[in-house]
Amino acid sequence: MSFFMGLGRESYDRQYSDRELVRRLARYFRPYIRGLLVVLGLVLMAAVMAAGPPVVLSHMVNRMATHLTAREAVFLAGLMLVMGLGNWLANWGRRYGLMRIVADATYTLASEAIDKVLHHDMTFFDRHASGRIA
């Protein structure tokens with residue numbers, strides 16, 4: 222409980238609408254639109270790769286009921302292996318790409334925040350203890 226004791230409103234607090242907050246946050250992700258589109262493509266690829274094996278397996282079972290040749294079985298098993306590997310790679314790429322984008326945007330946000338603090342009028346920190354620099 223004592224952790225939240227100092228989290229009350231302060232005289233310098235500002236109120237922003239959700240739209241304003243999203244607009245301001247989008248500014249930090251705008252340089253990464255290409256990377257975000259790649260991540261979206263990887264999400265779609267992972268979804269297709271994850272949905273494929275049950276379809277291939279059901280086709281395999283249906284073919285076994287009639288007549289499944291060894292060549293077809295090896296091909297379908299290889300196809301399932303490729304889909305599993307593709308799913309793993311797409312998920313790895315998605316996680317890595319999103320991690321890089323979020324880390325870069327967070328670094329930019331933190332750098333700008335520190336720059337603003339260092340160029341702020343220092344009397345602000347005397348009046349507001351929560352903003353005091355150690």
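Residue numbers for the sequence shown follow this note's numbering, so the first one is 222 and each next one is one higher. Beta carbons are placed, not taken as given, at the ideal position from N, Cα and C, and that holds for glycine.
Check	Outcome
Drop a sphere of 10 angstroms on the beta-carbon of residue 270, count the other beta-carbons inside from all chains shown, and report buried for 16 or more, exposed for fewer.	buried
Once DSSP output is grouped into helix, strand and coil, what is the label at residue 304?	helix
Select from 338, 265, 272 and 315 the residue whose C-alpha is nearest the C-alpha of residue 304.	272
Could you tell me the alpha carbon to alpha carbon distance between residue 215 and residue 255, rounded to whole angstroms?	Nothing about residue 215 can be reported from this structure: the residues present for the chain run from 222 to 355 only.
Measure the alpha-carbon distance for residue 289 versus residue 302 and round it to whole angstroms.	18 Å
Please report the distance separating the alpha-carbon of residue 283 from that of residue 294.	12 Å
Note down the Cα distance separating residue 241 from residue 251, rounded to an integer number of angstroms.	15 Å
Can you tell me which of the three DSSP states residue 290 falls into?	coil
Does DSSP put residue 237 in a helix, in a strand, or in coil?	coil
Counting beta carbon pairs with one atom in the region 325 to 343 and one in the region 306 to 316, are three or more of them shorter than 8 Å?	no
Could you give the DSSP three-state label for residue 280: helix, strand or coil?	helix
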